[in-house]
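Residue numbers (the working numbering), protein chains in the order written: chain A, 1 to 298; chain B, 1001 to 1434.
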């Protein structure tokens, strides 16, 4: 009987082996790999993922020039796929879910933010009038405002979805390049400079960015895309390092997860990451032509 | 009996006290060495050294015939019976050669290879250099030597007394790059007067006092008049500064007429449109600095006005990848390192401005890309191609990057993604795992 119990416990622990990493306190367990659309068509270089509040999963299938929306059936299974293919979205790279069910997508060519209805219907292209704007990334604030990262003028534009710019915030001093911007559920705005490997937070007055980390280069090769979970933990996609780096809300290093490889649980040049309402981490595993879903410990 | 013991104890105590004095006396007597044993005696056997002793410039210790300051008389762990490792020996006395903090240092100084420039005993040249003046520099910096010699238009200080040392320090520069004595323009303004009419005329009456002269001028000489780098931007070569800048004399004369890529678009519109029309545009093109991020607007020693070698330019942002390349080059199994990686030619595989492929690859398939050099691999290799599914990932087919990493893999052989061939093979052929 005792032997049986030991075997049972060992088996239970063995199921869902954690994706290897150096983290002591935080671990990933691989749950789902998404390889196909609803018609067994393979994904190609997906770069964007969004985890809306309705527990669906939106994938920017960049290489195929389309969005795919999956319904998450259980923690380990997806069902029902809806395809969104629009002329304005020939190369979607980043997806964000708005609070009212709207979907915002950054398209690469032409470089523009496209606004879609909950059902994937085209609403508009977000107008970025005035000086030339080069949108590297954007994030949707809980208030509904968009935070648009403009490389052409080294600034972040805070604007309404209709294109009305409320505030212009300059890049942090000495920084020429921010690679991504994110807003946590409480409205805290974060940005990352992938080249220097530094994460910044917007101050309470919303006027300037200040670093909350030293360079993360000892832990990551090119941490250039970020998201947060409900508790404010920061998840960074280390593209060249093919890992996920986790920080506390204050910027303290918590762990470096997964690693480069082809098999489930491993990553190759990961792009956008998002955290689902269930707390699962979803990664656009770009060079592996798939999306992966992980459970996150703690 | 007790008295005897006291006497013996007293004698021992006295003997103990006398020991240091005896030792001091031995030192004073110099181990009873014969006169000249610290050097002069050496010359009785090392007769060939007499010629060296006649050199014009001798190391002070050699001049004093004090061989034992650097050499052990009997035995040593180091070559030449040296008292310390040759890379450490000189710095024991000449520690001040390398300041505690410096911005740039001569690599041979850092590694302690002083003998590469100096003859440790003596030579016919000042500072006991192995060769005369600049020749010693050009022994390693041959390209600069050729440049200074063959350039149609020469920079005067190069041919003046002191040569290289007119601008550079030989060992280290505390504050400047490239061992410079001062940063341009301060260094240049020691000789050049910006208020002279000729200087102003040469610069189209633009105020250039605050600009780094070496952004346009080659300090070692050039085939282009005004020692401007051979690769010069057409407006600069034509003296048409106003093509990009406000007119001279205006309040903001050196301000650009337009910002970033918009300025370059004035002349390069079709080319820029073609690049920005690509599915993927290299982000620096779209930044505030635009083309200037990688290209210099005036003149460059590199082709196409690039600000440096690909490793220098790409490495400004992709330092991690360049570091991986460097580690791969230093790796013990680098004999199979891909040539573009060895040479740091990122642009042999990646399109620097933009393209249609992921990672800005030049081609859609790594088989085609690698096949440009490794032609035989495209028809004689492990099965690869669009019909061969990667067993590790059903959405991938096997190509070169299924096994190799294009930018190097540090110590792994043949740029493999795995430490050993076995690890690589069993990553797919799991049934063969031992």
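Ideal placement from N, C-alpha and C gives every residue a C-beta, glycine not left out. Everything numeric in this text was worked out from a predicted model, so none of it was measured.
| Item | Value |
| --- | --- |
| Since residue 1235 of chain B is in the alpha helix (DSSP H), which residue starts that stretch and which ends it? | 1234-1237 |
| Hey, how far is the Cα of residue 1183 of chain B from the Cα of residue 1072 of chain B? | 44 Å |
| Determine the DSSP secondary structure at residue 151 of chain A, reduced to helix, strand or coil. | coil |
| Could you pull out every residue in the same chain whose Cβ sits closer than 7 Å to the Cβ of residue 1109 of chain B, ignoring the five residues on either side in sequence? | 1097, 1098, 1171, 1172 |
| Return no unless some Cβ of chain A is closer than 8 Å to the Cβ of residue 1308 of chain B. | no |
| Sorted by chain position, which residues of the same chain lie with C-beta nearer than 7 Å to residue 1383 of chain B's C-beta, five sequence neighbours on each side aside? | 1398 |
| Residue 152 of chain A and residue 132 of chain A - do their beta-carbons sit closer together than 8 Å? | yes |
| Going by DSSP, name the residue or residues bridged to residue 1048 of chain B. | Looking at the DSSP assignment, residue 1048 of chain B forms no beta bridge with any residue, so it has no partner. |
| Name the one or two DSSP bridge partners that residue 275 of chain A has. | A:281 |
| Give me the Cα-Cα distance between residue 1423 of chain B and residue 1431 of chain B, rounded to the nearest whole angstrom. | 13 Å |
| Going by alpha carbons, who is nearest to residue 1286 of chain B out of B:1011, B:1272, B:1140, B:1296? | B:1272 |
| Could you confirm whether any beta carbon from chain B is found closer than 8 Å to the beta carbon of residue 64 of chain A? | no |
| Work out the CA separation of residue 1426 of chain B and residue 1277 of chain B for me, nearest whole Å. | 43 Å |
| Return the CA-CA distance between residue 148 of chain A and residue 140 of chain A, expressed in angstroms with no decimal places. | 9 Å |
| Unbroken alpha helix (DSSP H) runs of length 4 or more, entirely within the segment 1208-1296 of chain B: which are they? | 1234-1237, 1260-1276 |
| Between residue 1390 of chain B and chain A, is any beta-carbon pair separated by less than 8 Å? | yes |
| I need the straight-line Cα distance from residue 73 of chain A to residue 79 of chain A, nearest angstrom please. | 6 Å |
| Buried or exposed: where does residue 214 of chain A fall if 16 or more other Cβ atoms within 10 Å of its Cβ makes it buried? | exposed |
| Output needed in chain order: residues of the segment 1243-1273 of chain B with a Cβ under 9 Å from some Cβ in chain A. | 1259, 1260, 1261, 1262 |
| Relative to chain A, which residues along the segment 1308-1327 of chain B have a C-beta separation below 7 Å, given in chain order? | 1317, 1320, 1321 |
| Just to confirm, is the Cβ distance from residue 193 of chain A to residue 210 of chain A under 8 Å? | no |
| By the criterion of Cβ-Cβ separation under 8 Å, what are the contact partners of residue 1288 of chain B in chain A? | 151, 152, 153, 154, 176 |
| Under 6 Å Cβ to Cβ from residue 188 of chain A, same chain only, skipping five residues before and after it: list those, please. | none |
| List the whole-angstrom C-beta distance separating residue 66 of chain A from residue 58 of chain A, where the pair is believed to meet the contact cut-off of C-beta under 8 Å. | That belief does not hold up - the Cβ atoms of residue 66 of chain A and residue 58 of chain A are roughly 11 Å apart, past 8 Å. |
| Please report how far the alpha carbon of residue 343 of chain A lies from the alpha carbon of residue 254 of chain A, in whole angstroms. | Examination of residue 343 of chain A is not possible in this model, given that chain A is present from 1 through 298 alone. |
| At which residues does the alpha helix (DSSP H) containing residue 1159 of chain B begin and terminate? | 1156-1159 |
| Are the segment 1220-1234 of chain B and the segment 1299-1309 of chain B touching, with three or more C-beta to C-beta distances below 8 Å? | yes |
| Evaluate residue 1415 of chain B with the Cβ neighbour count: other Cβ atoms within 10 Å of its Cβ, from every protein chain shown; 16 or more gives buried, anything less gives exposed. | buried |
| Count the other CB atoms within 10 Å of the CB of residue 1389 of chain B; is the residue buried (16 or more) or exposed (fewer)? | exposed |
| Using the rule of at least 16 other Cβ atoms within 10 Å of the residue's Cβ for burial, across every protein chain shown, is residue 119 of chain A buried or exposed? | exposed |
| Is it true that the CB of residue 84 of chain A sits closer than 8 Å to the CB of residue 50 of chain A? | no |
| Say whether the segment 1190-1208 of chain B touches the segment 1124-1131 of chain B, bearing in mind that this needs 3 or more beta-carbon pairs closer than 8 Å, one atom from each stretch. | no |
| Please confirm whether residue 1396 of chain B has its beta-carbon closer than 8 Å to some beta-carbon of chain A. | yes |
| Just checking, does the segment 1307-1327 of chain B make contact with the segment 1250-1258 of chain B on the three C-beta pairs under 8 Å criterion? | no |
| At which residues does the beta strand (DSSP E) containing residue 137 of chain A begin and terminate? | 135-140 |
| Is residue 70 of chain A helix, strand or coil by DSSP? | strand |
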